[in-house]
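Trainee: Let me begin by handing over the structure; questions about it come next.
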Amino acid sequence: MFDTALTTADFVFLAKGAGMTIVVTIISVIAGTVLGIVFGVIRYQLGAIWAAPLIFVLDIFRSIPLLIQLVLANAFMGTILRLNMSGFTVACIVLSMYTAAYCAEIVRGGIEAVPATTRRAARSLGMSWGQDMREIVLPLATRVALPSWIGLALGVMKDSALVYVVQVTELLRSTQILITRLQEPLLLLMICGAFYFVISFPLARFGGYLEKRWSND
Amino acid sequence: MLPGSCETAMFNYTFQWKQAMARLPQMLDGAVVTMQVAILSMVLGILLAIILTMFRLSGIRILSAVAKTWVEIARNTPALFQIYMAHFGLGSFGLHLSPFLSILIGITFNNAGYLTENFRGALKAIPDTQTRAARSLGMGAAGAFRHVVLPQMLRISFLPMTNQMVWAILMTSLGVTVGMNTDLYGVTQDLNALTFRTFELFALAAVIFYAITKIVTLGARLIAARLFRY
Amino acid sequence: MIEIEHVRKSFGQLEVLKGIDLTVSKGEVVTIIGGSGSGKSTLLTCINGLEPIDSGRILIDGTEVHAKSTDLNKLRRKVGIVFQQWNAFPHLTVLENVTLAPRKVLGMARAEAEEIAVRQLTHVGLGDKLKTYPGRLSGGQQQRMAIARALAMSPEYMLFDEVTSALDPQLVGEVLDTLKMLAQEGMTMILVTHEMAFARDVSDRVAFFHQGVMAEIGPPQQIFGDPQHPETRKFLSSTRQ
Amino acid sequence: MIEIEHVRKSFGQLEVLKGIDLTVSKGEVVTIIGGSGSGKSTLLTCINGLEPIDSGRILIDGTEVHAKSTDLNKLRRKVGIVFQQWNAFPHLTVLENVTLAPRKVLGMARAEAEEIAVRQLTHVGLGDKLKTYPGRLSGGQQQRMAIARALAMSPEYMLFDEVTSALDPQLVGEVLDTLKMLAQEGMTMILVTHEMAFARDVSDRVAFFHQGVMAEIGPPQQIFGDPQHPETRKFLSSTRQ
Amino acid sequence: DKLDDIIASGTLRCAVVLDFPPMGMRDESNTPVGFDVDYCNDLAAALGVKAEIVETPFPERIPALMSGRVDVGVASTSDTLERAKTVGMSIPYFAFEMAVTANDKSGIASFEDMKGKTVGATAGTFEAIALEKQVKEWGEGTFRPYQTQADVFLALSQGQLDATVSTSTVAQSNVKTGNFPGISVVGKAPFDIDYVALFTNREEYGLINYLNLFVNQQVRTGRYAELYEKWVGGDLPSLTVDGVHR
Ligand SMILES: Nc1ncnc2c1ncn2[C@@H]1O[C@H](COP(=O)(O)OP(=O)(O)OP(=O)(O)O)[C@@H](O)[C@H]1O
Ligand SMILES: Nc1ncnc2c1ncn2[C@@H]1O[C@H](COP(=O)(O)OP(=O)(O)OP(=O)(O)O)[C@@H](O)[C@H]1O
Ligand SMILES: [Mg+2]
Ligand SMILES: [Mg+2]
């Protein structure tokens, strides 16, 4: 179909890039979600006034281009703190915080969606705060939050294309490298785009499905 | 540690805030370009999203397929990819766009996709009886949409639109990949190449970006308060 | 004159109107009563062409509503309708709600449209709420605004679909008073209501619907005083309790 | 025994309880009546420590509810409460709703908890709904499930806050019957209700609340037959109409 | 100090730009090759350690060093005074002449012809800074910096750019590959010779001293000429400037 100079080795190279995209995404989403839950619960428990410093810090991660966050974190950890960190580590740290900042809001929204009366009922049965959180709030909030969370995870995967600035060769960067050598921008970009699409689309659909199903009851 | 106030030493690194502050006017010029791109891409994005929404509602299969494809590609591929595609992808067809146009088209494409999806949600929240009421007053389908449904749809999706605007501002930073060097990120990067004061320059850019997004969200709130008094 | 001839209408499998015949002359007030799901609302929406019909025909002053050649938008100016659910346009003030259609549909100038709107709103007792948004109005006020909005198009016929059934009891009266006033002014109206006392008071004829069929029609004295159809009796005794 | 002594409670500026005194002995059924906003619900949530109080004290079997040293989670096992709004856990089946607290709070084994749950659910007439999710239950069934859920903790006291007021009229009866059954079994209860006939029937004493004050308390015959306080008279005549 | 650290760690990490043929590029199996890659390997061999090539786009070379991700930059970095405020530069290890490469359709035949056209170069390079200044002086035409050298040539061959200024070696090498149809080298750019240096942290005098000596040795032993012949070919550029020491 296409007359192309693309070799198997090049596909392996692309696959490595895709692998990097996935690894960075998975690490950041997991770490970011754990942090996000912690931040979200703290944010909810403290209320808007006491949690103001936390809100401010998290807001920063949502108000500055990810590209700048990466460059700054890179410069800060390396140049200023002189920490000997790989680009991969920096990428994961920044993306995790970025994820956490959004995730915290999702978590808070989820918790707030659990009716106060339901929680009162749990407490009045003698359940402790922790039991209430685990047995009642967590499962109910998850229903509200999961669709948005899937959207967030996919967003992080797409945004991970920016970690090239800290010398991580992920999918889009691999594609650019191959474009350099092979000069077939259109074909290569199509392959790259298709990859993102194939991962993102079904999951996004699944999120939409969950949202629809759970908003009914 | 006030930027510009002094040269601060921290660990082994000596901050040179003055150098960065001296470039502030250039960076603010960049911020203006960033805002131009963001605002234009929003205006165009909203118009396109309205058109795509009408495509979806039209019931004409090919039109709703166009809208669907647009939305799915915009939502399921990286913005950086979309912008790169607008420049080099279209470039392979001999369509040459300036960096400004490339980034504008890239972000507009993205905005339109996300907003169309938002509008769909907003439409669901407007009861059917609204259209019925308008139609029974003798308005045509277009009139009912324009005078009754559309204003309510825009109001319901005002908050998502504000978020999208913030996104658009942040996305302008991707313009560098298509040769843009007049926006805030591009200017910062050029200055960085010149002086290599990476941390100071990008920290300053970060502060400017933060300020812009805050002003925009605040402004949006004021506008909402004025526009939507019901 | 509204002429309804053998109208049938189904939603999917469900036949909601099973051949309705009804003629409403100029100046007449016809009330439709009947159980939930008996097809009352459906008939009204068919009359002004919001719903298509399966067979039969509906003529308004001789124009067939569901004919292809009919300009429905034009026809609907003649036939005002107010629904059960409040359907105020929430993004417009009361005045804008009422002037919208005259301006956009009839192409009236703003000043003229506002003059008419103020007159109609004053008529229904909302002269002091012009700049208010519907969200700030009570349900009864919203319904009266909807009536004024329909009247501003100077319709020759008005259809009312349970305009009081979503209202708190104390708000019902003010809306019914508005309807009564309209009836006394000679407006031709078809109204669906559950307020039996009101129906008896205001109607020239009362029609009882049962499962898509017009089981009985007659003057209010007869329908309420001496119902012929067993279902009518059942219905009336259940609402009277 | 529940002893309430001079309890005061404010939400911000608004003083909701203005010094309440009430002692409920073992096996007694006390009903609280009163207008909306008079502080009835607030008092109940103070009794089981869901809300802090500003001054005074509440003792349950001699333990001060709001003392710092009190283990509230432990105390609450003694005091079951069922609220006005249904508060079923929607993600759990009826059986799981009832077994959750015994298992997690009392550390019961699943089998034992389920045995108790089935017994309580059968008691309130829901023996056939064990695997159903609350979303599929009627309001009355949900309230009965909530009662069974509270009973499964073997509480010594039960508080009921207008458990029927959000129900359709035909569902009220089944819940009231359940409450009556509990009263007959000797459960100590404080219940807030608007069902006067029921209150008269079931209570040992009836308390009338008015604007944060317990205006009057006495046996039902006296309160309903010969109310002393003018506000009580006003309230009763308005609810009787 | 850093010199000891490198020897102790057993690896020398070099920042190399890999879309800058023939200095740095990738072969068919996508492994890094080029003059700079060999140069780094030589340096590692001299230190008795293993070499690790860290790919860095042009704008990210210094950040990569500053963030401790690399030890030394072997990345064709021009030794400007501005940059020396931030990093420590060795003596020049290579010298570029600047060439103009144009899209055949643009009709550009010399540097002067670029006036008024759309021109571009790789963001953050010596030639980009010089060219942007020139475009401003001309007062007409547009300048566009791209993130990578590859993007510049891609844009050039697509016709998005009319011409570019790049090091002559890069220009020759890219035109030679045949990957970019419709472009050719049309002449020299009248910019100063671009001397490029190895760089490392500013305060690492021991390492800088070592790098200076290493560059000197590469020339002395003929290895410089050998590598030049292998990757570039033609007249060996001189690495010294008349009339001044260093
Ligand atoms: N758009 C629709 N699609 C499918 N079924 C419909 C639709 N509208 C109405 N129906 C069905 O048609 C039947 C008649 O409905 P209609 O609203 O005309 O009843 P009604 O007499 O107005 O009742 P009510 O007193 O409850 O308003 C009902 O069974 C209803 O469920
Ligand atoms: N969490 C709260 N924050 C602020 N005010 C509250 C809160 N809970 C209750 N109130 C106020 O306290 C007053 C008493 O409320 P409470 O719920 O105890 O009344 P009630 O007697 O139970 O009324 P009802 O019969 O309507 O349930 C009301 O004015 C209410 O608005
Ligand atoms: Mg109806
Ligand atoms: Mg209450």
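Protein chains in written order, with this note's numbering: chain A, 12 to 228; chain B, 272 to 501; chain C, 82 to 322; chain D, 82 to 322; chain E, 1198 to 1443. For glycine and all other residues, C-beta sits at the position ideal for the given N, C-alpha and C.
1) Could you list which residues in chain B have their beta carbon closer than 8 Å to that of Cys203 (chain A), in chain order?
2) Tell me, please, whether the segment 93-104 of chain C touches the segment 104-117 of chain A by the rule of three or more beta-carbon pairs shorter than 8 Å.
3) Determine, using beta carbons only, whether Leu103 (chain C) and Ala288 (chain C) come nearer to each other than 9 Å.
4) Just to confirm, is the Cβ distance from Met313 (chain B) to Ala464 (chain B) under 9 Å?
5) In chain order, what residues place their C-beta within less than 5 Å of a heavy atom belonging to ligand 2?
6) Could you tell me whether the Cβ atoms of Leu202 (chain C) and Met226 (chain C) are closer together than 9 Å?
7) Using a threshold of 8 Å, is the CB atom of Glu132 (chain C) nearer than that to any non-hydrogen atom of ligand 3?
8) Give a single yes or no on whether Glu276 (chain D) has its beta carbon closer than 8 Å to a heavy atom of ligand 4.
9) So what's Val179 (chain A) in DSSP terms, helix, strand or just coil?
10) Name, please, each residue of chain E whose Cβ falls closer than 9 Å to the Cβ of Gln187 (chain A).
11) Specify the secondary structure class of Val179 (chain D) as computed by DSSP and reduced to three states.
12) Considering only residues of the same chain and omitting the five flanking positions on each side of Ala336 (chain B), which have a CB-CB separation below 7 Å?
13) Taking DSSP as the reference, what is the three-state secondary structure of Pro311 (chain D)?
14) Under 9 Å between C-beta atoms, does Gln297 (chain B) make it to chain C?
15) Measuring CA to CA, which of D:Val199, D:Gly130, D:Arg157 and D:Val205 is closest to Lys212 (chain D)?
16) Looking at chain C, which residues of the segment 406-428 of chain B have a Cβ within less than 7 Å of any of its Cβ atoms?
17) Given a cut-off of 9 Å, decide if Phe290 (chain D) and Ser119 (chain D) are closer than it, judged by their beta-carbon atoms.
18) 9 Å is my cut-off, CB to CB: does Ala476 (chain B) come that close to chain A?
19) Closest to Lys169 (chain A) by CA distance: which of A:Ile48, A:Gly204 and A:Val125 is it?
20) Quick one: Cα of Ser319 (chain D) to Cα of Val283 (chain D), how far?
21) Once the 5 residues before and after Gly216 (chain D) are set aside, which same chain residues still bring their CB inside 7 Å of it?
22) Using 10 angstroms around the beta-carbon of Gln322 (chain D), count the other beta-carbons present and answer buried if the total reaches 16, otherwise exposed.
23) Using a C-beta to C-beta distance shorter than 8 Å, which residues of chain C count as neighbours of Arg500 (chain B)?
24) Taking the alpha-carbon of Pro349 (chain B) as reference, which of A:Gly218, A:Val82, A:Leu221 and A:Phe212 has the nearest alpha-carbon?
25) If contact means a Cβ-Cβ distance below 7 Å, which residues of the segment 1390-1419 of chain E contact chain A?
26) List the residues that DSSP assigns as beta-bridge partners of Met239 (chain C).
27) Around the C-beta of Thr1345 (chain E), are 16 or more other C-beta atoms found within 10 angstroms, so that it is buried, or is it exposed?
28) Identify each residue in the segment 467-497 of chain B for which the Cβ-Cβ distance to at least one residue of chain E is less than 7 Å, and report them in chain order.
29) Would you mind reading off the limits of the alpha helix (DSSP H) that contains Phe1377 (chain E)?
30) Report the rounded CA-to-CA distance for Asn168 (chain C) versus Val179 (chain C), giving the unit in angstroms.
31) In the DSSP output, what is Cys1211 (chain E) paired with across the bridge?
32) Along chain B, in chain order, which residues have C-beta atoms closer than 8 Å to that of Val82 (chain A)?
33) At a cut-off of 8 Å, would you count Glu243 (chain C) as near ligand 1, judging by its Cβ distance to the nearest heavy atom?
34) Quick one: using the 10 Å Cβ neighbour count with 16 as the cut-off for buried, is Gly1403 (chain E) buried or exposed?
35) Near Gly166 (chain A), which residues of its chain fall below 8 Å by C-beta distance, leaving aside the five closest residues on each side in sequence?
36) Of all the options C:Leu181, C:Cys127, C:His87 and C:Ile113, which has the alpha carbon lying nearest to the alpha carbon of Val244 (chain C)?
Mentor: Based on what the coordinates show:
1) Phe352, listed in chain order.
2) No: fewer than three Cβ pairs fall under 8 Å.
3) Contact: yes.
4) Contact flag unset, no.
5) The filter returns D:Phe92, D:Val97, D:Ser117, D:Gly118, D:Ser119, D:Gly120, D:Lys121, D:Ser122 and D:Thr123, in chain order.
6) Judged by their CB atoms, Leu202 (chain C) and Met226 (chain C) are nearer to each other than the 9 Å cut-off.
7) With a threshold of 8 Å, the Cβ atom of Glu132 (chain C) does not count as near ligand 3, since no heavy atom of the ligand is closer than that.
8) Glu276 (chain D): no, Cβ never under 8 Å from ligand 4.
9) When DSSP states are grouped into helix, strand and coil, Val179 (chain A) belongs to the coil group.
10) Around Gln187 (chain A), the beta-carbon contacts reaching into chain E at under 9 Å are Asp1216, Gln1344, Thr1345, Ala1347 and Asp1348.
11) Of the three classes helix, strand and coil, the one that applies to Val179 (chain D) here is helix, per DSSP.
12) So no residue of the chain qualifies.
13) DSSP places Pro311 (chain D) in helix when its eight states are reduced to three.
14) Nearest CB-CB separation between Gln297 (chain B) and chain C: not below the 9 Å threshold.
15) Residue nearest to Lys212 (chain D) within the set D:Val199, D:Gly130, D:Arg157 and D:Val205 is D:Val199 (criterion: CA-CA distance).
16) Of all residues in the segment 406-428 of chain B, Arg406, Ser407, Leu408, Gly409, Met410, Gly411, Gly414, His418, Val419, Pro422, Gln423 and Arg426 have a Cβ within less than 7 Å of some Cβ in chain C.
17) Note that the C-beta distance between Ser119 (chain D) and Phe290 (chain D) is below 9 Å.
18) So yes, Ala476 (chain B) belongs to the interface.
19) Comparing Cα positions, the closest option is A:Gly204.
20) The alpha-carbon atoms of Ser319 (chain D) and Val283 (chain D) are separated by roughly 21 Å.
21) Pro171, listed in sequence order.
22) At Gln322 (chain D) the pLDDT is 43, less than 50, meaning the model places this residue with poor confidence; the figure from the coordinates comes in the next sentence. Classification for Gln322 (chain D): exposed.
23) Going along chain C in sequence order, the residues near Arg500 (chain B) (Cβ under 8 Å) are Tyr214.
24) The candidate whose alpha carbon is nearest that of Pro349 (chain B) is A:Phe212.
25) Cβ contacts with chain A come from no residue of the segment 1390-1419 of chain E.
26) Answer by DSSP bridge pairing, in chain order: C:Gly161 and C:Met270.
27) So Thr1345 (chain E) counts as buried.
28) Within the segment 467-497 of chain B, the qualifying residues are Phe467, Arg468 and Thr469.
29) Careful: Phe1377 (chain E) lies outside any alpha helix (DSSP H) and carries neither H nor E.
30) If you take the alpha carbons of Asn168 (chain C) and Val179 (chain C), they lie about 12 Å apart.
31) Per DSSP, E:Ile1250 and E:Val1269.
32) What Val82 (chain A) touches in chain B: Thr469 and Phe473.
33) A heavy atom of ligand 1 is found nearer than 8 Å to the CB of Glu243 (chain C).
34) Counting every other CB atom within 10 Å of its CB across the protein chains shown gives Gly1403 (chain E) a total below 16, marking it as exposed.
35) Only Tyr113 meet the Cβ criterion.
36) Taking only the C-alpha atoms, the option nearest Val244 (chain C) is C:Ile113.
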